[in-house]
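Notes for the one structure printed next.
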Amino acid sequence: MIIYLIGMPGAGKTTIGKKISKEIGYSFLDTDSEIEKIEKKSISLIFEEKGEKYFRDLEKKLVNEKLCYLKDTIVATGGGMPIYNDNLKELKKSGVTIYLCKSLESLLKRKNLGKRPLLKNNIKKNLIEIYNKRKDIYNKADYIIKEDDLDEKGVMLKLRGIINSEF
829 MIIYLIGMPG AGKTTIGKKI SKEIGYSFLD TDSEIEKIEK KSISLIFEEK
879 GEKYFRDLEK KLVNEKLCYL KDTIVATGGG MPIYNDNLKE LKKSGVTIYL
929 CKSLESLLKR KNLGKRPLLK NNIKKNLIEI YNKRKDIYNK ADYIIKEDDL
979 DEKGVMLKLR GIINSEF
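Here this note's numbering = 1-based position in the sequence shown + 828.
If you want it as structure tokens, here you go:
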């Protein structure tokens, strides 16, 4: 089974994904890290040099040529991956999608968001725009874990429950 963690930048997809994959004996893949390996450049540099469309095309290629063939893997998607090129539909065909849902208020409290290419200049304004643009698509995930009232252990517990129900 492939489990895709989707959600906004800063929602904890990579952190939670790594931990739960170790716990259940699955492989772990972060799509942004995978693209950085393939391109031999950081995501920020890819955006800077080649633009967002090029990056979104790389994501689509990754979905079509690699992700759908994985087995027993937790995949932390880039925040925009499910939004573009019908990627969410493709992810749902090959696995289970779980939206790690953090409120806008919680996301605004996160540190290091300024390192993300689409949030660089005006973090608050850009985060609000991106959040409003993406939330309806994220809500189409197979499962939603609302993280605001949960600590990391609580999120892990809910995630384990979903995984156990899917086996």
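Built from N, CA and C at the ideal position, the CB exists for glycine as well.
Within 10 Å of its beta-carbon, does residue i have 16 or more other beta-carbons around it, so buried, or fewer, so exposed?
i    : result
L886 : buried
E877 : exposed
D858 : buried
I831 : buried
D860 : buried
K841 : buried
Return the first residue and the last residue of the beta strand (DSSP E) that residue i is part of.
i    : result
D964 : First-last for D964: I951 to Y966, but that is the alpha helix (DSSP H), not the beta strand (DSSP E).
L833 : I830 to I834
I902 : T901 to A904
K974 : Y971 to K974
Just checking my contact of residue i with residue j at CB under 8 Å: how many whole Å lie between their CB atoms?
i    : j    : result
M829 : E957 : With a Cβ gap of about 34 Å, M829 and E957 do not count as contacting.
C929 : K974 : 5 Å
I902 : I863 : With 8 Å as the limit, I902 and I863 do not qualify as a contact, their Cβ atoms being about 17 Å apart.
Taking a contact to mean a Cβ-Cβ separation below 7 Å, would you say residue i touches residue j in this structure?
i    : j    : result
E925 : I991 : Residue identity check: residue 925 is Thr in the sequence provided, not Glu. No, the pair does not count as a contact, with Cβ atoms beyond the cut-off.
Y927 : I972 : yes
Y959 : L978 : no
D976 : S934 : yes
Residue i lies in the alpha helix (DSSP H); which residues open and close that run?
i    : result
T842 : K841 to I852
I990 : E980 to E994
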